[in-house]
Amino acid sequence: SALSADADHDSLAEANQGTCGKMLLELHSDHALGFPMPDGCYYHQDSSGGSDIWEFFLLFGKQNGLAPSTTYHIVLNARATDLLDTNSGIVEIWSMDDVVNKPLDILEVGRAQANKVV
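The opening position of the sequence shown corresponds to residue -14 in my numbering, with each subsequent residue numbered one higher.
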């Protein structure tokens, strides 16, 4: 079913692993220890920029985040529609250090675009 706004899973305080299970299909990395286990996830829809953008958050415990020089793959539970085009980004991933004490401190950004239309 289509994702809809959910006031029970839209903030840092409400993050949980069950929400990760709703959002994610697969997690993979080339690190010897695999993909780190998220402590929890949450999501919400941001309409502040004039268009609706879904934001998904994966939270990791201290010393259990993403490692440098490692390839990660995240498969979201999503479906493309006829609104998808190859000119605009469809996924943007921000790696952040501490969302509580440094909420604007972005360490790395990754972007993905569709390679074909639906």
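Even glycine gets a Cβ: it sits at the ideal position worked out from N, Cα and C. Note that the coordinates shown come from a computational prediction; the quantities given were computed from them, not determined experimentally.
Hey, could you find the ends of the beta strand (DSSP E) Gly25 is sitting in? Note, Gly25: beta strand (DSSP E), 25 to 31.
Which whole-angstrom value is the C-beta distance of Gly46 and Asp24, which I expect to be below 8 Å? About 5 Å; that satisfies the 8 Å criterion.
Among Asp31, Gln30, Asp15, Gly95, the one whose alpha carbon lies nearest that of Ser139: Any answer about residue 139 is impossible in this case: the structure gives the chain only from -14 up to 103.
In chain order, what residues of the same chain lie with their CB nearer than 6 Å to the CB of Ala65, ignoring the 5 residues before and after it? Hits under 6 Å: Val103.
Distance, Phe41 Cα to Leu51 Cα: Leu51 and Phe41 have their C-alpha atoms roughly 16 Å apart.
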